[in-house]
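Worksheet: one structure, shown below.
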Amino acid sequence: MFTRCRAIALFCVAVGMGYAATKAVPVAKASAASAKPAATAKTAAAPQVATIPDAQLEKDIRARFAASKISTHKFQVHVQGGVATIEGQTDVLQHKGTATRLAKNAGAIKVVNKVAVSQAAKDEAAKNLASGRRRAQVKRSETTARTAKRSS
1 MFTRCRAIAL FCVAVGMGYA ATKAVPVAKA SAASAKPAAT AKTAAAPQVA
51 TIPDAQLEKD IRARFAASKI STHKFQVHVQ GGVATIEGQT DVLQHKGTAT
101 RLAKNAGAIK VVNKVAVSQA AKDEAAKNLA SGRRRAQVKR SETTARTAKR
151 SS
């Protein structure tokens, strides 16, 4: 039992040392005069650069659209410099946000969503919002057998 635990411990140490050997350690300069102050987290970040080629990113976004429920809406996608532009029309308000999320998750730096939502979809969303309709929601004025027992 002891030898097994010892073997596991040695294995873990060896793996840890191998991992540490792959990490680059920065070399500190000896001269204090040439040392510059360390950058803080509040400094301006460098602009993001697309790591995926535009054609591949466009292909990935279209594949995500095809695999989702919004594929029936046939959105047009164009990518330039890592920025995805989505155009098209939809009858479901949530599909506009879904299109943005899918493009962002595919690797787009920024998404310009020019999807037009039909007036019928806007009216339906406004009606649902006004009525406060939620799934499986019970109005407080309605009493059930369970709440009737508590009140008596």
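The numbers in our numbering rise by one with no breaks, and the one at position 34 of the sequence shown is 34.
For each residue, glycine too, the CB sits at the ideal point set by N, CA and C.
Quick caveat, the model's predicted, so the values are computed rather than measured.
Between the beta-carbon of Ala103 and that of Ile70 there is about 11 Å, and that puts the pair past the 8 Å contact cut. Of the candidates Thr100, Gly82 and Val92, Gly82 places its Cα closest to the Cα of Thr51. Using a Cβ distance threshold of 8 Å, Thr90 and Val111 do not count as a contacting pair. His78: member of the beta strand (DSSP E) spanning Gln76 to Gln80, first to last residue.
Around the C-beta of Leu57, 16 or more other C-beta atoms lie within 10 Å, and the residue is accordingly described as buried.
In the structure shown, Ile52 adopts coil according to DSSP, grouped into three states. In terms of Cβ geometry, Ala99 and Val115 form a close pair [threshold 8 Å].
Leu93 places its beta carbon 8 Å or farther from that of Lys74. DSSP, reduced to helix, strand and coil, places Ala84 within a strand of the structure shown.
Annotated three-state conformation of Ala66 is helix, per DSSP.
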